[in-house]
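*Asks:* Residue numbers (my numbering): 2 to 577. Glycine included, C-beta positions come from ideal geometry on N, C-alpha and C. If you're wondering where the values come from, they're calculated on a predicted model, not measured in any experiment.
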Ligand SMILES: Cc1ncc(C[n+]2csc(CCOP(=O)(O)OP(=O)(O)O)c2C)c(N)n1
Ligand SMILES: [Mg+2]
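Below, the structure is given as structure tokens:
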């Protein structure tokens, strides 16, 4: 039995205290009668800052964006209606490995004990629907009670942080003000240390492979960011003269100014030298690799059979599987043990993408090609970049300056994510420059959250492409069909609509000159740039990828081959 010091606290205060100790400084969400009591505790104690959202979906996106920069995020929703609104975003956090704590103020324990029907339920005499639903998209779920709160709160927060996955906890509305005995010590965010023998053997096996490799390479997926090892990987690459590539889901995780950085590996869709460096390497170290069609050039990616697969908490080297090791400790061990390479030259990456300034005639109608060329020059060191689904995927083709972070959702790909995530990341790191790249269709899903961004005086740059609808989908099917159209909003007027006294600078860009003018605006307030482009205009790789996606999705008997039903790169009309 431990004789750790304890103290008495209300369950609500303890939950807020634990969140704060875990580094969570803000709570996103929407109030409801089942969570107002916790909100009152939050206001009374000042433990966290409340950032109210327009919807729980947006709150879940915001908590995810916050966690990307802060390491952990949290949101508060109400029973059922709030929880199910947030579940798409939490599914995204699960898919993208982001630790988010979803707290649902839920029906009182009294009503469960007495079988009393309550609002925001199915009114069917049961109360586990939402807990069960969250069982599919979180690493841990619980309904807090006065008996379990002291241990369950710690279990869930630690699980989220250790696994880099979301968790879901229900706080019945009649227990937040009940006192329980809780640990006096602060919550320590830590992993159990690795098993010493497993760690030693694992480090030795990787070190041996790297030492005798002729052409080692490191392939990075998003977990390198989530488990905080990007800098270790660069250090290792430097020491053993390995090339480093990322997959799209990890774009920006490795500093792209690092001269052994080879760009994005995406199977057949990669640059030839990137593809060759990975596929012909005699020692690939893959970090958290989770291939899907859009990150593998439609499954044309092919890692060597002897690839080492390192994950957050386990490693495969040849026939051996190592458990009870952490990625961080494994990499530290390898960096220390491996001899500095002398027998092979580091491979250098291709020079940075040309940032063309040849925009041509200033009065020419703006098209995607010069738009993205201009964006290449606009990016600067340390930017936080946000990408939503759509032709904005062109951002993947740009070379990022040093210390940039990309926040996107490549695996889950829920439109509208980027606007909520922007609010979350701005809240976590307001001192950085944040730039959103979003299409009109994606923006319409979560546009209201722009009002929260304005309400809190944030100063992001928002680049919105107004092309009348879902252009990237036209490359799958429905080139000219109205199901791919959206209403033509006056997007650039929205900052004013959402905040009457806004100082935001809004631009409607139609020509090359308009764009240059917008890009020269200072970053002392929000900059909102709506760029009007043709609904058939997209960079060829984007449309190619949609065309291939249609083959996978609909099969050989699908409708995509019918005459003129699918936007093709051949129709790409930017004259360049
Ligand atoms: C929640 C959700 N619903 C639907 C989709 C399907 N979808 C993927 S991209 C897209 C259209 C994006 O349009 P827009 O943001 O305007 O980008 P564009 O290609 O026009 O630049 C849609 C509807 C999705 N990814 N997520
Ligand atoms: Mg669009």
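1. What I want to know is whether the C-beta of residue 90 ends up closer than 8 Å to one or more non-hydrogen atoms of ligand 1.
2. Return the residue from the list 374, 40, 182 that minimises the CA-CA distance to residue 5.
3. Pick out whichever of 258, 531, 73 has its Cα sitting closest to the Cα of residue 440.
4. Would you say the beta carbon of residue 554 comes nearer than 8 Å to a heavy atom of ligand 1?
5. With 16 as the cutoff for other CB atoms within 10 Å, does residue 120 come out buried or exposed?
6. In three-state DSSP terms, what is residue 323?
7. Should residue 474 go down as buried or exposed, given a rule of 16 or more other Cβ atoms within 10 Å for buried?
8. Would you kindly report the start and end of the unbroken beta strand (DSSP E) that includes residue 169?
9. Just checking residue 538 against ligand 2 - is the residue's beta carbon closer than 8 Å to any of the ligand's heavy atoms?
10. Compare the beta carbon distance of residue 27 and residue 422 with 9 Å and say whether it is the shorter of the two.
11. Name the residue from 483, 508, 446, 471 whose alpha carbon lies nearest to the alpha carbon of residue 463.
12. Closest to residue 477 by C-alpha separation, out of 543, 7, 24, would be which residue?
13. In chain order, which alpha helix (DSSP H) runs of at least 4 residues are fully inside the stretch 437-500?
14. Check for me: the alpha helix (DSSP H) holding residue 103 runs from which residue to which?
15. Is residue 60 near residue 25, with beta carbons less than 9 Å apart?
16. Report the residue from 237, 205, 249 whose alpha carbon sits nearest the alpha carbon of residue 222.
17. From residue 514 to residue 21, what distance separates their C-alpha atoms?
18. Taking DSSP's pairing of strands, which residues face residue 262 in a bridge?
19. Judging by CA-CA distance, which residue of 244, 110, 340, 470 is the nearest neighbour of residue 390?
20. Sorted by chain position, which residues of the same chain lie with C-beta nearer than 7 Å to residue 413's C-beta, five sequence neighbours on each side aside?
21. Are there any heavy atoms of ligand 1 lying less than 8 Å away from the beta-carbon of residue 444, as far as the coordinates show?
22. What does DSSP give as the partner residues of residue 396 in its beta bridges?
23. Excluding the 5 residues preceding and the 5 following residue 173 in the sequence, name in chain order all residues of the same chain whose CB lies nearer than 6 Å to its CB.
24. Within the stretch 505-571, note down every full alpha helix (DSSP H) run reaching 4 residues or more, in order along the chain.
25. Can you find a heavy atom of ligand 4 that lies under 8 Å from the Cβ of residue 487?
26. Between which two residues does the beta strand (DSSP E) containing residue 182 stretch?
27. By a C-beta neighbour count over all protein chains shown, 10 Å radius and 16 as the cutoff for buried, is residue 10 buried or exposed?
28. Please determine whether the Cβ atom of residue 479 lies at a distance below 8 Å from any heavy atom of ligand 2.
29. If you follow the beta strand (DSSP E) that residue 284 is part of, which residue opens it and which one closes it?
30. Have a look at residue 265 and residue 211 and give me their C-alpha separation to the nearest angstrom.
31. Can you give the Cα-Cα distance for residue 285 and residue 398, rounded to whole angstroms?
32. Would you check if the distance between the CB atom of residue 81 and the CB atom of residue 29 is smaller than 9 Å?
33. Should residue 229 and residue 442 be called a contact, given that it needs their Cβ atoms to be closer than 9 Å?
34. Tell me the rounded alpha-carbon separation between residue 289 and residue 141.
35. If we define contact as Cβ-Cβ less than 9 Å, is residue 536 a contact residue for chain B?
36. Quick test of the definition: if touching needs 3 or more C-beta pairs under 8 Å, does the stretch 238-258 touch the stretch 392-411?
*Replies:* In this structure, then:
1. no
2. 182
3. 531
4. no
5. exposed
6. strand
7. buried
8. 168-173
9. no
10. no
11. 508
12. 543
13. 441-447, 450-456, 472-475, 495-499
14. From DSSP, residue 103 is part of no alpha helix (DSSP H) but of the beta strand (DSSP E) over 101-107.
15. no
16. 249
17. 48 Å
18. 245
19. 470
20. 92, 93, 96, 97
21. yes
22. Looking at the DSSP assignment, residue 396 forms no beta bridge with any residue, so it has no partner.
23. 107, 109, 110
24. 513-520, 541-555
25. In terms of ligand content, the structure shown lacks ligand 4 and carries ligand 1 and ligand 2 instead.
26. 180-184
27. buried
28. no
29. 284-288
30. 22 Å
31. 24 Å
32. no
33. no
34. 21 Å
35. Checking the listed chains, one finds no chain B in this structure; it contains a single protein chain.
36. yes
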